[in-house]
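For the sequence shown, my numbering gives the first residue as 471, with consecutive numbering after it. We treat Cβ as the ideally placed atom computed from N, Cα and C, and that holds for glycine. What follows is a set of notes on a single structure, which appears directly below.
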Amino acid sequence: MHSIIRFLILILSLSTVGCAFKSVQRSKDISYMQANSAMNLPEKQLNIFAPKKAEKLPVLIFIHGGSWNSGRKEIYNFMGNRLARRGVVTVIIDYPLAPEYQLPEMEKATLLSVKWVQENIANYGGDPAEIYISGHSAGGHLAALSVVKDDSWKEIGVDNPLKGAILNDPAGLDWYWFLTERKEKYDAEDNYDAFTDSPVVWKEFSPIYFLDGKEIPMLLMEGEKTYPGIRLTVDRFRKEAEANNTDLTYSFYKKKKHIPMITQFFWTWSKGYKDVLGFIEKR
471 MHSIIRFLIL
481 ILSLSTVGCA
491 FKSVQRSKDI
501 SYMQANSAMN
511 LPEKQLNIFA
521 PKKAEKLPVL
531 IFIHGGSWNS
541 GRKEIYNFMG
551 NRLARRGVVT
561 VIIDYPLAPE
571 YQLPEMEKAT
581 LLSVKWVQEN
591 IANYGGDPAE
601 IYISGHSAGG
611 HLAALSVVKD
621 DSWKEIGVDN
631 PLKGAILNDP
641 AGLDWYWFLT
651 ERKEKYDAED
661 NYDAFTDSPV
671 VWKEFSPIYF
681 LDGKEIPMLL
691 MEGEKTYPGI
701 RLTVDRFRKE
711 AEANNTDLTY
721 SFYKKKKHIP
731 MITQFFWTWS
741 KGYKDVLGFI
751 EKR
């Protein structure tokens, strides 16, 4: 998955030229989380993209991918700009990365970013009652955790304020099964830097085991030619969601590989935008 970063850096360089984004107000490097040694959390920032003169618009928080150990928010400026021009206040976050940090810190950072957005996004033209979360690959996994784990919200003293989640080719939906049953075939141990070598942790941070039918609505987007680990665990997640009557909308992208599932957002006419904006509008 590291090729995601190399490719998106190229996209980043292209997205910073031209005059197509004059109507977008960009607020960058805003700290949503201060360093906290007791919680083993570093300071982290987010970027906000909003139409000028925005007022009470829906909000989308986006979490980047990169195998839980790479990536940065600036690579996704193109998505923030384009979504803002389509009437969505977009927040792109950084979060703690492996190997220095593991899943507990990443999950906590995700929830704290949502908390910050709920408390502050009205100042940027967003509606705190219309917050959605999304992520690609590893970011899709973190977004899914924010949907299904109520106890994690209780730990930070907040009721889950999210209205919907958009999981773009998400990894890790059942990493307990994958790391246990498929690790030799697919070099799954490469993810130990984030998930550790503990099966207890694998299960605690696999969203599939928390589905109970009470989740907020989700949109799950999957590329036909994505990585085997994603394909296999998405299939398991879908079946479990159906068994629990979870409100899950599935969108299949024929012939799409993993990286193009996110780079498609460089083009405003892509199916990705139709799915994301349609999902938000229906809510």
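* Taking the alpha helix (DSSP H) that Gly550 falls in, what are its first and last residues? -> Numbered from its first residue, the sequence shown carries residue 550 at position 80. In this chain, the alpha helix (DSSP H) harbouring Gly550 covers Asn547 to Arg555.
* Measure from the C-beta of Ser622 to each C-beta in chain D and report whether the shortest distance is under 8 Å. => Reference to chain D is not applicable here, since this structure consists of a single protein chain.
* **Contact check, Met731 vs Thr696, beta carbons under 8 Å** => As a first step, residue 731 must be located in the sequence shown, where it is residue number 261. As a first step, residue 696 must be located in the sequence shown, where it is residue number 226. Yes, these two residues count as a Cβ contact at 8 Å.
* **Environment of Asn715 [buried if 16+ CB atoms lie within 10 Å]** => On the sequence shown, residue 715 is found 245 positions in, with the first residue counted as 1. Asn715 is exposed by the Cβ-count criterion.
* **Euclidean distance between Cα positions of Ala663 and Asp621** => The count along the sequence shown starts at 1 and reaches residue 663 at position 193. The count along the sequence shown starts at 1 and reaches residue 621 at position 151. The sequence given here places Asp at residue 663; Ala does not occur at that position. In a straight line, the C-alpha of Asp663 is about 24 Å away from that of Asp621.
* On the three-state DSSP scale, how would you describe Asn506? -> Sequence index remark: in the sequence shown, residue 506 carries index 36 (1-based). It is a strand residue.
* Rounded C-alpha distance that separates Ser616 from Glu525 -> Taking the sequence shown and counting its residues from 1, one reaches residue 616 at position 146. Taking the sequence shown and counting its residues from 1, one reaches residue 525 at position 55. Rounded to whole angstroms, Ser616 to Glu525 spans 26 Å at the Cα level.
* Asked: In terms of residue numbering, what span does the alpha helix (DSSP H) encompassing Thr580 cover?
  -> For this step, residue 580 is matched to residue 110 along the sequence shown. Thr580: member of the alpha helix (DSSP H) spanning Leu573 to Asn590, first to last residue.
* **Assigned secondary structure, Pro528 (DSSP; H/G/I helix, E/B strand, else coil)** => By 1-based counting over the sequence shown, the position of residue 528 is 58. Pro528 falls in the strand class under three-state DSSP.
* **Per DSSP, the bridge partner or partners of Tyr723** => The sequence position of residue 723 within the sequence shown is 253, counting from 1. Bridge partners of Tyr723: Gly693.
* To do: Below 6 Å CB to CB, which residues in the same chain sit around Ala641 once its five sequence neighbours on both sides are set aside?
  => Here residue 641 refers to the residue found at position 171 of the sequence shown. If we look at Ala641 and ignore the five residues flanking it on each side, its Cβ neighbours are Ser607, Ala608, His611 and Ile700.
* Asked: Pick from Asp597, Ala613, Ala554 and Ile591: whose alpha carbon is nearest that of Trp538?
  -> Looking up residue 538 in the sequence shown gives position 68. When only C-alpha atoms are compared, the closest one is Ala613.
* Do Lys543 and Ile562 have their CB atoms nearer than 8 Å? -> Translated into the one-based positions of the sequence shown, residue 543 becomes position 73. Translated into the one-based positions of the sequence shown, residue 562 becomes position 92. Taking the C-beta atoms as reference points, Ile562 is found nearer than 8 Å to Lys543.
* **Distance between Gln515 and Pro574 (C-alpha atoms, nearest Å)** => Counting from 1 along the sequence shown, the entry for residue 574 is found at position 104. Counting from 1 along the sequence shown, the entry for residue 515 is found at position 45. For Pro574 and Gln515, the distance between alpha carbons rounds to 18 Å.
* Could you check how far apart the C-beta atoms of Leu632 and Met688 are, in whole angstroms? I think they sit under 8 Å. => On the sequence shown, residue 632 is found 162 positions in, with the first residue counted as 1. On the sequence shown, residue 688 is found 218 positions in, with the first residue counted as 1. No, Leu632 and Met688 are not in contact; Cβ-Cβ is about 10 Å, not under 8 Å.
* To do: For Lys744, count neighbouring C-beta atoms within 10 Å of its own C-beta (all shown protein chains included) and say buried if the count is 16 or more, exposed if not.
  => On the sequence shown, position 274 is the one that residue 744 refers to. Exposed.
* Name the DSSP bridge partner or partners of Ile700? -> What you label residue 700 is simply residue 230 of the sequence shown in a count that begins at 1. Answer is none; Ile700 lacks a bridge partner.
* **Lys724 to Thr738 span [Cα, whole Å]** => One-based indexing of the sequence shown puts residue 724 at position 254. One-based indexing of the sequence shown puts residue 738 at position 268. Answer to the nearest angstrom: the Cα atoms are 18 Å apart.
* Asked: Can you name the start and end residues of the alpha helix (DSSP H) that Val618 belongs to?
  -> For the purposes of this step, residue 618 is taken as the residue at position 148 of the sequence shown. Looking at the DSSP string, the run of the alpha helix (DSSP H) that includes Val618 is Ala608 to Val618.
* Beta-bridge partners of Leu516, as assigned by DSSP -> Numbered from its first residue, the sequence shown carries residue 516 at position 46. Answer is Ile500 and Ile563.
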